[in-house]
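First comes the structure, then the notes that go with it.
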Amino acid sequence: MISVVWLALGRLPAFGGDRRSIRAGQSRRHRGSRVIERTLRRKRTFLVLLALAAMFVLAACAGPDRLGIDSVVDSDLPQNALDPAGPAARSIDNLWWLVFWIATVIFVVVEAALIFVVFRFRRRGGTDEPVKQVHGSTRLEIVWTIIPAVILAAIAVPTIATLFDLRAEPAPSENALQVEVTGHQWWWEFYYPEYDVTTANELHIPAGRPVYLTMTSADVIHSFWVPQLNGKRDLVPGRTTNLTLEADEPGVFFGQCAEFCGLAHADMRHRVFAETEADFEAWASAQAEPATLPAEGPAAAGWETFQISCASCHTVDGTSAEGDFAPNLTHFASRTTFGGATFANTEAHLREWLRDPIDLKPMRPDYNDLEAGRVLGMPNLGLTEVEIDGLIAFLDTLE
Ligand code: HEC
Ligand SMILES: [Cu+2]
Numbered sequence: 035m036i037s038v039v040w041l042a043l044g045r046l047p048a049f050g051g052d053r054r055s056i057r058a059g060q061s062r063r064h065r066g067s068r069v070i071e072r073t074l075r076r077k078r079t080f081l082v083l084l085a086l087a088a089m090f091v092l093a094a095c096a097g098p099d100r101l102g103i104d105s106v107v108d109s110d111l112p113q114n115a116l117d118p119a120g121p122a123a124r125s126i127d128n129l130w131w132l133v134f135w136i137a138t139v140i141f142v143v144v145e146a147a148l149i150f151v152v153f154r155f156r157r158r159g160g161t162d163e164p165v166k167q168v169h170g171s172t173r174l175e176i177v178w179t180i181i182p183a184v185i186l187a188a189i190a191v192p193t194i195a196t197l198f199d200l201r202a203e204p205a206p207s208e209n210a211l212q213v214e215v216t217g218h219q220w221w222w223e224f225y226y227p228e229y230d231v232t233t234a235n236e237l238h239i240p241a242g243r244p245v246y247l248t249m250t251s252a253d254v255i256h257s258f259w260v261p262q263l264n265g266k267r268d269l270v271p272g273r274t275t276n277l278t279l280e281a282d283e284p285g286v287f288f289g290q291c292a293e294f295c296g297l298a299h300a301d302m303r304h305r306v307f308a309e310t311e312a313d314f315e316a317w318a319s320a321q322a323e324p325a326t327l328p329a330e331g332p333a334a335a336g337w338e339t340f341q342i343s344c345a346s347c348h349t350v351d352g353t354s355a356e357g358d359f360a361p362n363l364t365h366f367a368s369r370t371t372f373g374g375a376t377f378a379n380t381e382a383h384l385r386e387w388l389r390d391p392i393d394l395k396p397m398r399p400d401y402n403d404l405e406a407g408r409v410l411g412m413p414n415l416g417l418t419e420v421e422i423d424g425l426i427a428f429l430d431t432l433e
């Protein structure tokens with residue numbers, strides 16, 4: 035937004051240096067130029083006002099929490115990278131502050147020198163004598179080349195050290211938990227090979243123990259980012275990349291896809307639930323259990339509908355539903371959110387989702403091609419209210 039304002043100011047000749055040339059022209063061409071200058075000034079005011087208006091409109095984009103998804107955390111800034119909650123994020127934070135303070139000192143020194151020079155050497159007493167020129171001074175040129183070079187070299191040392199530290203795979207002695215992450219347009223798949231557990235959007239990890247993510251993408255480039263736990267790392271189709279997460283204490287940490295990946299990029303979020311070792315083990319072994327199918331009632335009717343309308347895309351472990359194009363729903367009821375961790379997992383949201391998924395989340399299922407392995411969202415399946423009741427009852431059994 036600031037750059038828009040600058041653009042508005044900079045593009046107009048009636049500002050800064052160009053004004054002088056207009057003045058010069060004015061003496062030559064008199065009234066005509068004065069009219070031009072007035073028009074330009076009006077246009078400039080208009081553009082500045084326009085940029086300010088756009089700033090307020092865009093700032094209003096962060097709307098209220100309509101879907102109730104923020105109730106899990108009690109922070110106004112759940113994605114604050116300056117509030118690190120683990121060793122990797124802390125080392126980034128330390129580096130950030132180091133650079134910040136160095137930059138602050140430079141800023142103060144340069145501005146102080148600037149102000150001093152402006153006042154000390156200002157034009158006095160109406161004399162028009164030219165000031166002493168230092169243009170071409172070799173000594174000055176060398177000094178102001180060496181000083182920044184030394185500063186940059188000094189900053190490079192901790193920066194590069196931190197980069198290598200962050201990239202290092204945890205030592206075997208650290209007993210890292212392995213998780214395979216796949217980015218999809220527009221949701222996250224998490225697979226725990228040790229437990230043979232697949233889940234979506236909500237990553238559970240043991241606190242105080244490193245978690246080594248091995249990541250790839252099923253379609254376009256995504257980027258995994260949980261600001262309180264580590265920096266960003268891209269997920270690239272056809273390649274694997276790695277990232278280590280570690281949380282000091284149990285807690286919930288928010289993240290989101292940090293690389294524009296198409297229509298619903300903004301709704302491709304994730305949550306990390308850091309738990310005590312015991313809670314994590316309990317969670318993992320519950321997730322490893324296959325589903326038990328309901329024998330009767332609306333839930334059983336829901337399972338019938340599921341087999342017809344949903345099983346081509348979704349998997350429910352331990353059943354005939356083995357679709358490989360969408361979030362694994364075996365323990366869907368144990369998740370707090372769905373749809374890229376964008377909607378609280380409540381009956382009301384689920385009903386809206388099943389009536390028309392695109393109404394909740396912008397997706398393009400009209401481009402789906404299951405044969406080619408391309409899925410760009412969940413289609414509107416034209417379900418009746420009775421079918422939806424059954425499906426909700428069925429999904430509710432998947433704990
Ligand atoms: C053409 C494939 C397809 C079919 C058929 C399909 N879905 Fe989906 N479904 C998806 C995709 C893709 C997503 C992920 C959407 C997203 O978040 O971007 C999804 C997400 C969901 C979610 C949210 C899961 C989560 O954890 O985020 C639920 C619940 C769901 N579908 C239920 C159903 C039900 C019930 C049916 C059958 C009536 C069904 N789906 C049919 C593709 C499909
Ligand atoms: Cu993405």
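Residue numbers for the sequence shown follow this note's numbering, so the first one is 35 and each next one is one higher. Think of the CB as a built atom: it goes at the ideal place given N, C-alpha and C, for glycine as much as any other residue. Source: prediction; values computed, not measured.
Using the three-state DSSP reduction, which class does S257 fall into: helix, strand or coil? Looking at S257 - three-state DSSP - the assignment turns out to be strand.
Rounded to whole angstroms, what is the Cα-Cα separation between E386 and L394? 7 Å
Does DSSP put F366 in a helix, a strand or coil? In the three-state reduction of the DSSP assignment, F366 falls in the helix class, which pools H, G and I.
Using only CA atoms, which one of E145, D390, D127, P324 lies nearest to Y229? P324
Do V144 and F155 have their C-beta atoms within less than 8 Å of each other? no
Quick one: Cα of F288 to Cα of T79, how far? 41 Å
At a cut-off of 7 Å, is M302 close to ligand 2 when judged by its beta-carbon and the heavy atoms of the ligand? yes
Closer than 7 Å: W220 CB and nearest ligand 2 heavy atom: yes
Assigned secondary structure, G336 (DSSP; H/G/I helix, E/B strand, else coil): For G336, the three-state secondary structure derived from DSSP is helix.
Through-space distance from I126 to I255, alpha-carbon basis: One C-alpha to the other measures close to 23 Å.
Exposed or buried, which one is A367 when buried takes at least 16 other CB atoms within 10 Å? exposed
For a test of the three-state rule: what should DSSP assign to F294, helix, strand or coil? coil
With the cut-off set at 8 Å, would you say L263 and V213 are in Cβ contact? V213 is positioned such that its CB atom lies no closer than 8 Å to that of L263.
Sort out for me which residues DSSP pairs F288 with in a bridge. R305
Expressed to the nearest angstrom, what Euclidean distance is found between the alpha-carbon atoms of W220 and A137? Cα to Cα, the separation comes out at about 38 Å.
For P121, three-class secondary structure by DSSP: helix
Could you check what DSSP says for G217 in three-state terms: helix, strand or coil? strand
Measuring only from the beta carbon, is E293 closer than 7 Å to any heavy atom that is part of ligand 2? Checking the Cβ of E293 against ligand 2 gives yes.
In terms of DSSP beta bridges, what is N114 paired with? Beta-bridge pairing links N114 to no other residue.
Which of helix, strand or coil does DSSP assign to L83? In the displayed model, L83 falls within a helix according to three-state DSSP.
When you measure from the CB of P328 to every non-hydrogen atom of ligand 1, does any distance come out below 7 Å? Answer for P328: no, Cβ out of range of ligand 1.
Assuming P442 and P244 form a contact by the criterion Cβ under 8 Å, report the distance between their Cβ atoms to the nearest whole angstrom. The structure shown does not extend to residue 442, since the chain spans only 35 to 433, so no value can be given for it.
Starting from T353, follow the beta strand (DSSP E) in both directions and report where the run begins and ends. Per DSSP, T353 belongs to no beta strand (DSSP E) and is neither H nor E.
Does the beta-carbon distance from Q341 to A355 come in below 8 Å? yes
Could you give the uninterrupted runs of the beta strand (DSSP E) lying entirely in the segment 171-214, keeping only those of 3 residues or more? none
Give the DSSP-derived three-state secondary structure of T138 in the structure shown. Correct three-state label for T138: helix.
Relative to ligand 1, is the shortest distance from any of its heavy atoms to the C-beta of W387 smaller than 7 Å? yes
The segment 391-407 touching the segment 287-301, judged by at least three CB pairs closer than 8 Å: Segments in contact, yes.
Using DSSP's beta-bridge definition, name the partner residues of H238. F307
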